[in-house]
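Numbering (mature numbering (1 follows the signal peptide of the UniProt record, and there is no 0)), first residue to last: -19 to -1, 1 to 503.
Shown next, in the form of structure tokens:
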């Protein structure tokens, strides 16, 4: 009880203090407060004492010019090893310190250079073994918080209806960093797509359905984030492929599981792709005048002479996302697995929904070149090929100089600005191949008909034969033909017999007539 009372008074003082200057020269120095009260209380056996002491440590760190090493170490240790209530409080304190001092200053307080895996721009590789007490202190603060989003036992132990969860706190913190990224220049902008991709993955994950506070926070965040600036739209474009690869089963080592599980994962991935498409197409809060022609191509207002000034803003628009998707599809091998085939089909269904602005002539020409390779990858999907053909027609109509090809240097410049790698074949045609003809539904010929045609081929007078379409009708006609042939043969034999009898009768008659003539002559 004395611990709680003392910590409550200390917390009240820290909340209402703007600086430690008032404590200088007093009987109780800030360092003594940290070493004698806050750090021992954070290691107390009682969980309530630990929780309140952890909160006071966060308030103490905000008043320091630079965060102290002992304070940061204790907060990180409480975050990793503490129970759920202690981890939640430590997580809030670390996020506040990261946004106040900057994550680099917090990492410098550890007295050593901390490595970071977030620079790899890969969601799969950004994992930290939080169960290792010694190893968790060797990574940066953002890596540690990022790993906290993937810790399963926090989700299982937290009651989403009545209590907070560590995932919800971290998600809210990352959403605040992204939403107000201009206020945190110390956080590298190269990390924004990775953090955004993780938040989108959490929003469409079955594991966070019960975390209502997190989902509500992310819903508000996604509603406003893409409309604040073009830089945010560029971040969405960069995160698109990472999100799809992390969710789609069978891609980048994702475990599929049962057919039902695979179906649900694909459903979530398709929903996420449509959701990100809506974010890319959401209008900015700043009103900009645009023109839309009859082909649905958006552009800026034209000059008085009717010309359109070229633009290089494709990184922030739908053009950049279209080139990213087309490059992703073109980089797949000719022989694709079932998961890869369904993956690129889902990407192409998003690709045909994107629009190009008239000033982005370079992106239009590059996309015309890439569409042919995209259509070859999904050549078995007739309806999708038709959609790609219509998209190619729209791009050709938007191309101010359709006869002029894009040079290799210009194409590599566009791909370089998008941080993409693709081996371009500029000799390839810009025209999308026509839709393949439908396969014949005519049934194969039967053996009896083949034999019949082989036997009738020797007959020079036979010029054509009617192909039966039903085996039952064919057998009936063959039976009728055999009966007709038998009747014809019987009729012919009967006629021959009649002719033979007539001849015999005529011969007898002639013999009788000749005998009568001989008798009369005598």
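Where a beta carbon is used, it is the ideal one built from N, C-alpha and C, also for glycine.
Residue burial classification, residue i (beta-carbon count within 10 angstroms, cutoff 16)
i	result
residue 124	buried
residue 180	buried
residue 88	buried
residue 246	buried
residue -5	exposed
residue 9	exposed
residue 145	buried
residue 236	exposed
residue 162	buried
residue 213	buried
residue 382	exposed
residue 173	buried
residue 2	exposed
residue -13	buried
residue 339	buried
residue 150	buried
residue 31	buried
residue 28	exposed
residue 223	buried
residue 418	Note on residue 418: pLDDT 48, under 50, position unreliable in the model; the coordinate value appears next. Residue 418 should be labelled exposed.
residue 26	exposed
residue 201	exposed
residue 275	Low per-residue confidence applies at residue 275: pLDDT is 49, beneath 50, and the placement is therefore not dependable, though the value from the model is reported in the following sentence. That one is exposed.
residue 207	buried
residue 230	buried
residue -19	exposed
residue 285	Residue confidence is low: residue 285 scores 39 on pLDDT, short of 50, so the model does not pin down where it sits. Its coordinate-derived value is still stated next. Residue 285 is exposed by the Cβ-count criterion.
CB contact flag (residue i, residue j, <9 angstroms)
i	j	result
residue 4	residue 35	no
residue 232	residue 321	yes
residue 43	residue 81	yes
residue 369	residue 389	no
residue 84	residue 121	yes
residue 76	residue 126	yes
residue 203	residue 261	no
residue 242	residue 324	no
residue 221	residue 302	yes
residue 401	residue 308	yes
residue 372	residue 332	yes
residue 68	residue 129	yes
residue 23	residue 59	yes
residue 175	residue 209	no
residue 189	residue 148	yes
residue 91	residue 62	no
residue 376	residue 403	no
residue 185	residue 250	yes
residue 19	residue -10	yes
residue 218	residue 330	no
residue 358	residue 317	yes
residue 72	residue 182	no
residue 366	residue 356	yes
Supposed close pair residue i, residue j - CB separation, criterion 8 angstroms
i	j	result
residue 354	residue 311	4 angstroms
residue 78	residue 39	7 angstroms
residue 256	residue 300	That pair is no contact at about 20 angstroms.
residue 399	residue 334	No, residue 399 and residue 334 are not in contact; Cβ-Cβ is about 19 angstroms, not under 8 angstroms.
residue 254	residue 327	6 angstroms
residue 211	residue 119	The pair is not a contact, with the Cβ atoms about 37 angstroms apart (cut-off 8 angstroms).
residue 198	residue 156	6 angstroms
Contact with chain B by residue i, beta-carbon distance below 9 angstroms
i	result
residue 297	The displayed structure is made up of one protein chain only, and chain B is not part of it.
Distance cut-off 8 angstroms: residue i Cβ against heavy atoms of the ligand NAD
i	result
residue 361	Ligands displayed in this structure: none; no statement on the ligand NAD is therefore possible.
Query raised in the report: Taking only runs of the beta strand (DSSP E) that begin and end inside the segment 176 to 227, which ones reach a length of at least 3 residues, in chain order?
Result: none
Query raised in the report: Counting pairs of beta carbons, one from the segment 391 to 405 and one from the segment 340 to 349, are three or more of them closer than 8 angstroms?
Result: yes
Query raised in the report: Counting pairs of Cβ atoms below 8 angstroms between the segment 184 to 194 and the segment 156 to 169, do you hit three or more?
Result: no
Query raised in the report: Are at least three pairs of beta-carbons, each pair with one atom in the segment 12 to 25 and one in the segment 49 to 64, less than 8 angstroms apart?
Result: yes
Query raised in the report: At which residue ranges does the segment 335 to 361 contain complete alpha helix (DSSP H) runs of 4 or more residues, listed in the order of the chain?
Result: 342 to 358
Query raised in the report: Unbroken alpha helix (DSSP H) runs of length 4 or more, entirely within the segment 35 to 63: which are they?
Result: 50 to 62
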